[in-house]
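Protein chains in written order, with my numbering: chain E, 338 to 949; chain U, 544 to 1268.
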């Protein structure tokens, strides 16, 4: 039966998804991602900043928490661990390491863990940390060794292994060269097993010097230019969060394609989704008795014979002009096929030819794959530089997957940008903008309206300037998703009520009103005649609608039992209307599968004659 | 425009002159028929509410409501006004032939007008149209010309003429052939006197209906066929979304939104039907739920509840609770959160799948002025409004940007969704420019420069400042739909034949324009020289079984065997990569394929196979025994090929040991008959079994069997088997 399942699984979605829904398929790669937070718990970490700024430890815990919750939302199958070093107490699997405290071993983060990290935050957290772990001697070598054991204890296949060290001490062993050497050996052991070690160094008085010790501990950057080590230490939560976030997600190409400039000139590129609409996850069905998840199986069978249908016993059909047109399944696929997957260069256009409103789906990102075709990065880089310099985009025909019809895309050059801390905030590459076909543009009939006068426009300009702000794309959380997870969190942790979510996309009406002051009235005086109320019409309409709606529903259709029984006996149930019958069914607790009148009557009749 | 409904009469001349043509040219009749066919096809697939009628004139018989006293002769109303279907297409294909009479096209026009007037009564049509296809070779009766024109005007009927020759390129006029292009049939031949007179009449009629552009509605057959080869683009009625744009609680402006750009989908889905009956009712799909245990115990849907994952926890969360606790909001909304610089809203961060244009309501000019003030203010300041947008109470609210759009003839706001924090994935990529190994040299850069020069799709005309875009994507119809309809149409009209190749025009529309292809030849060659591109040999991700077992993969024998094997299997199957594990349908084949693919280690594939064999053997049935034997044969054959005997030998030995306990004597007997024994040293070097031992392995058993099992039973089984095969 297993094969049947596999075979039919996607059949239905085929049409639904058609194309476009290519994102989110990252997890096809086998194996899990894993991330270990290795946090310094020495006394230095707990020193609070001036002006009551949070301690490095506090900051780190906030970041760890936000990674936990974001993993729960976006990639719950990733494994995360939290380990402290430089502690007084020790707690690790075989208790073979001193001064290493495994707070969380490698596992999927859950509600309980979030709570436990929460407990370590703030003033109270520092106290709790002091009580449970304390600060003691430091042996980074042991800590790394312990982490290596965490990795090796995992029975699952890990695809990406990362370890982040949070510390504000650049000489953890205070010049004990034996310990330094041990740490280096352990670090290189870890790196050999594919673990990438990052340093999240935090501010300390006198500055953090990476060179003497940590340079040999952390992994070499992917290429010589990656600026990993020249970074300034973090002193702000926001910075740290950004840095961790940039490393925490493993980037995976959605597809690897060739960008073909012409006969025999193929540049290998990877396509990455940099923005994917996060949705509430689908519900899982659980067995009522045990709360264990159930699997669903979908089968296709013949109505008459009841036998399962083989793929060859199925065809596909559409009806047009009263005629059913039938095709084989593979014909349906072959219709969609135009070319093999790839990007094919058509030409170049100046940037102003890319219209703002030509938008049909979120863009994706293109970066060369030197590992597939050597020389790709060089040609790609040359194209990128020249397109950007000349302010043009490349127009390409794009077939993103097998049996996908072609789409045209604009490859818009994007140069690399780094912030003051030399952290990259815009990666170099092409943004791929999908362009609409003629079918995708709708013909509208714009109303003829008078334009505003310059005085009116100027008044509005005043309003606009009063409400200026600096837009940042990461500033808005999705209230629907946040609420959903708060609810789950509350249920999972048996909390009385879910934590409040702030709806960040709600206009701050009071503030806006306050800022505008008299401007709103002045503008209205300029554009609206006296007595004009923009809200009047639709509000009035809605009110009547509500009143009407309630009024219609109110008279509940109920018939006394005697009367019903009389109807049953006389066989005159048919005289009653469907709503009345439905109500009667409810009244007697009769379950009906159908809604047809006859079905209702039959159900009621059986029930009432039984009980007579 | 979408959403409107029109009534159209196709009025085609089938008279004898339509069959005349110069040698080597298609007769006008055939061309006209093609025009009609293409047109009706488009209508059928567009599935709008437009209705069509077909009137033929020049027919041998007469069939029309005006047929009285010898008037309106040889005119046939072939089909009355109705929504076109495939029946009509088949009728056109099979029943419309050239006939031998001639009829007055003016009379035919009157019949069409009459038909439109009587048959649209009580129905609402936005457009009434008559399309006349004729070669104009009959003398037209001009007596009632003024009355006819007046009637056309009054009824609001528009006219279109389709002729074998261009209207403006007659012999007197001349000169204009440049625009129309040469090669139109009929132009060289010269028109008859009747045709000239009729053409003047056509012009007169058309110009009196529309003084300026009347002649634009006169087409040649060829132009029409060219234009009609494209299937209609998908049109949808724009849905108005009335709302108020609010800035704080004191300022609101009434607006109406329309979806302006969105990825259109085909309106119809494929329906699954039974291959024999072609009935969808015969196919039923059913979803069942089962526990994740060994027996896959089924549970009823009613016995399941809903839950969600919270990291590692699964939280039961009923629908009712979910609805009660979920995020709720006030419904429809277009509220300004603030204003920001346009350049802070990056193009590549646009989310969602649509652009909504916001206008003022049609009847509210105050709203129009207020909105215009906002649009212009934003436009002049180069800013956008960041808004909260909610379509209605049930849908999730979004954050988005409203861009100002000031056009010649209208102004509007364009709304695009922007990302939430949860949607973003901050990836960092290694720098390209700061990497010395990768950075291109100056000569390389200049090669790219000249490539861009040669491939600019937007060209400045020399004489005027206008730019000409020679590749407008938004003018190309979606090729997927075009191909889809082409294939559907082909299958409907020519059932039982394979699908046609892609239409040449469609193929061409997706290619680089010829001018560009020519111009970029040399720069591309230069690129090829300057940028060496070397495809990297893929390292095999998994070691081959031979490597794992350290056996003689290099030996010529093994290679030869590989080569032979190639032909035995359906290469397509392998290329599809559809086999990922040893299935139960044809385990032996799956096993061979997997070994060939080397996607899994040999040991694992063997394990999967033996698992299947054990499953098969648990059914005590000769059919399953037979299948098991083919599996074991495959196992043996592949083991020998790969020079690894251990797994196979140990399995067979353990199988033998388990025979008495499992009462599989009958099966063992079959194995013996087929002489499937251990792999000996002679076959595979690494084997620990000698040839003698291998033979003995079965021989001993044979004796035993002879004693234990009556031979009669044996033969019986074999007979059964033969029957089955």
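For glycine and all other residues, C-beta sits at the position ideal for the given N, C-alpha and C.
Name the DSSP bridge partner or partners of residue i?
i                       : result
residue 1154 of chain U : Note: residue 1154 of chain U sits in no beta bridge, so no partner.
residue 1030 of chain U : None; residue 1030 of chain U has no bridge partner.
residue 604 of chain E  : E:596
residue 443 of chain E  : According to DSSP, which records beta bridges pairwise, residue 443 of chain E is partnered with nothing at all.
Using a beta-carbon distance below 9 Å, is residue i in contact with chain U?
i                      : result
residue 836 of chain E : no
residue 370 of chain E : no
residue 444 of chain E : yes
residue 843 of chain E : yes
residue 601 of chain E : yes
residue 454 of chain E : no
residue 423 of chain E : no
residue 567 of chain E : With a pLDDT of only 46 at residue 567 of chain E, under 50, the local geometry of the prediction cannot be trusted, and the value read off the model is given with reservation. Not an interface residue.
residue 501 of chain E : no
residue 909 of chain E : no
residue 737 of chain E : no
residue 839 of chain E : no
residue 374 of chain E : no
What span of residues does the alpha helix (DSSP H) with residue i cover, start to end?
i                       : result
residue 955 of chain U  : Counting along the chain, residue 955 of chain U falls outside any alpha helix (DSSP H), though it belongs to the beta strand (DSSP E) covering 954-960.
residue 1269 of chain U : Coverage of chain U is limited to positions 544 through 1268, which leaves residue 1269 of chain U absent and any answer about it impossible.
residue 487 of chain E  : 477-490
residue 495 of chain E  : Not the alpha helix (DSSP H): residue 495 of chain E falls in the beta strand (DSSP E), residues 495-504.
Considering just the uninterrupted stretch of the beta strand (DSSP E) at residue i, what are its terminal residues?
i                       : result
residue 931 of chain U  : 926-933
residue 1141 of chain U : Here residue 1141 of chain U belongs to no beta strand (DSSP E), and DSSP marks it neither H nor E.
residue 1178 of chain U : Not the beta strand (DSSP E): residue 1178 of chain U falls in the alpha helix (DSSP H), residues 1165-1185.
residue 856 of chain U  : 856-859
residue 766 of chain E  : 766-771
residue 905 of chain U  : Segment: none, residue 905 of chain U is in no beta strand (DSSP E) and carries neither H nor E.
With a threshold of 9 Å between beta-carbons, can residue i be considered close to chain E, or not?
i                       : result
residue 1329 of chain U : Nothing can be reported for residue 1329 of chain U: it is not among the residues displayed for chain U, which extend from 544 to 1268.
residue 817 of chain U  : yes
residue 889 of chain U  : yes
residue 1151 of chain U : no
Give me the chain U residues within the contact set of residue i, using Cβ-Cβ distance strictly less than 9 Å, ordered along the chain.
i                      : result
residue 861 of chain E : 793, 794, 913
residue 402 of chain E : The premise fails here: residue 402 of chain E is roughly 13 Å from chain U at the closest Cβ pair, so nothing lies under 9 Å.
residue 657 of chain E : 587, 588, 590, 628, 629, 811, 1028, 1031, 1032, 1035
residue 939 of chain E : Within 9 Å Cβ-Cβ: nothing; residue 939 of chain E doesn't reach chain U, min ~21 Å.
Which bits of chain E does residue i rub up against, with CB to CB less than 8 Å?
i                       : result
residue 869 of chain U  : 817, 820, 821, 824
residue 1001 of chain U : 686, 687, 690
residue 954 of chain U  : 786, 788
residue 1235 of chain U : The premise fails here: residue 1235 of chain U is roughly 42 Å from chain E at the closest Cβ pair, so nothing lies under 8 Å.
What does residue i reach in chain U if we use C-beta pairs closer than 8 Å?
i                      : result
residue 715 of chain E : 981, 982, 983, 987, 1074
residue 853 of chain E : 790, 791, 793, 794
When you compare only the Cα positions, how much space is there between residue i and residue j?
i                       : j                       : result
residue 734 of chain E  : residue 835 of chain U  : 45 Å
residue 597 of chain U  : residue 608 of chain U  : 14 Å
residue 1116 of chain U : residue 1138 of chain U : Residue placement at residue 1116 of chain U cannot be trusted, given a pLDDT of 42 that sits under 50; the coordinates are not used to answer.
residue 727 of chain E  : residue 562 of chain U  : 59 Å
residue 550 of chain U  : residue 665 of chain U  : 13 Å
residue 514 of chain E  : residue 388 of chain E  : 37 Å
residue 962 of chain U  : residue 679 of chain E  : 27 Å
Counting only Cβ pairs nearer than 7 Å, list the residues of chain E close to residue i.
i                      : result
residue 488 of chain U : Look at the range of chain U in this structure, 544 to 1268, and you will see that residue 488 of chain U is not part of it.
Mind listing the chain U neighbours of residue i? Cutoff is C-beta to C-beta under 7 Å, in chain order.
i                      : result
residue 786 of chain E : 903, 908, 911, 915
residue 757 of chain E : What residue 757 of chain E touches in chain U: nothing, since even the nearest Cβ is about 16 Å away.
List, in order along the chain, the chain E residues whose C-beta lies closer than 9 Å to that of residue i?
i                       : result
residue 1022 of chain U : 675, 742, 743, 774
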